[in-house]
Amino acid sequence: MTSCSIPRSSGFLSLLQSIPAVGPQVGGNLLSVMHSHHFNSAEQLAAYLGLVPVERQSGSSVLGRARLSKAGPARIRAVLYMAAIVATRCNPHVKAVYERLLARGKSKMSALGAAMRKLVHLCFGVLKTQQPYEHDHTKNA
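Under the numbering used here, the sequence shown has 17 at position 17, and the numbering climbs by one with no breaks.
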């Protein structure tokens, strides 16, 4: 298992801002979280931020809709929410996830939750590889 240790640097903020829809607010907030905690994977970061779906079950008869866990800092989720709205229009990876979920009949709010999670995964990947975001990552392959 590899870990993502992020040293403090303004270069990391510019790496994050290479992702469409990630600006100084989102970048600064994510960097502050990643500097104060140690995450081995993007899934751990998303879980810390409260962006994982939680099934609501009670026995075998009561089934509720899955919702975001909302376990982490609400302020960062609010910033990510606004970034996800922008990303559904201008980021091709996030837009594809959002439109695919809407086509499968998911609500707009649950699709936005998935878009927030996708943004966090993209940010983690950019910081871990220390490479700027590429719209078409298959060009270099």
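Yeah, the Cβ is synthetic: ideal placement off N, Cα and C, and Gly gets one too.
Selected residue, minimal CA-CA separation from residue i, among the options
i      : options                       : result
ALA66  : GLN130, LEU15, GLY113, PRO132 : GLY113
LEU122 : ALA83, HIS35, ARG75, GLY72    : ALA83
LEU51  : GLU134, ALA111, PHE12         : ALA111
ALA33  : ILE19, PRO20, PRO73, VAL22    : A quick correction: the sequence has Val, not Ala, at residue 33. The shortest Cα separation from VAL33 among ILE19, PRO20, PRO73, VAL22 belongs to PRO73.
LEU31  : HIS135, GLU134, LEU127        : LEU127
ALA21  : THR129, VAL86, GLU99          : VAL86
Contacting residues, own chain, Cβ-Cβ under 6 angstroms from residue i (five flanking each side not counted)
i      : result
PHE124 : ALA42, LEU45
VAL26  : VAL79, ALA83
SER69  : GLY50, VAL52, VAL54
Inter-residue Cα distance where the pair is residue i and residue j
i      : j      : result
GLU55  : ALA47  : 14 angstroms
ILE19  : CYS90  : 10 angstroms
LYS118 : HIS93  : 8 angstroms
LEU132 : ILE76  : Position check: residue 132 holds Pro in this sequence, whereas Leu was assumed. Looking at the two C-alpha atoms, the distance is approximately 22 angstroms.
ALA115 : SER14  : 21 angstroms
ALA96  : ALA103 : 11 angstroms
VAL120 : LYS106 : 20 angstroms
TYR98  : MET109 : 10 angstroms
CYS134 : ALA71  : This sequence places Glu at residue 134; Cys is not what is there. Going by the C-alpha atoms only, they are around 31 angstroms apart.
ASP136 : SER10  : 25 angstroms
Cut-off 8 angstroms between Cβ atoms - residues of its own chain near residue i, not counting five sequence neighbours on either side
i     : result
GLY23 : GLN17, ALA83
Residue i CB to nearest heavy atom of the ligand SAH below 7 angstroms
i     : result
GLY72 : The model on display carries no ligand, and the ligand SAH is accordingly not part of it.
Spatial neighbours of residue i in its chain, beta-carbon cut-off 7 angstroms, leaving aside the 5 residues before and after
i     : result
ASN29 : ILE76, VAL79
Within the region 38-95, ranges of the beta strand (DSSP E) (whole runs, at least 3 residues): 53-58, 62-68
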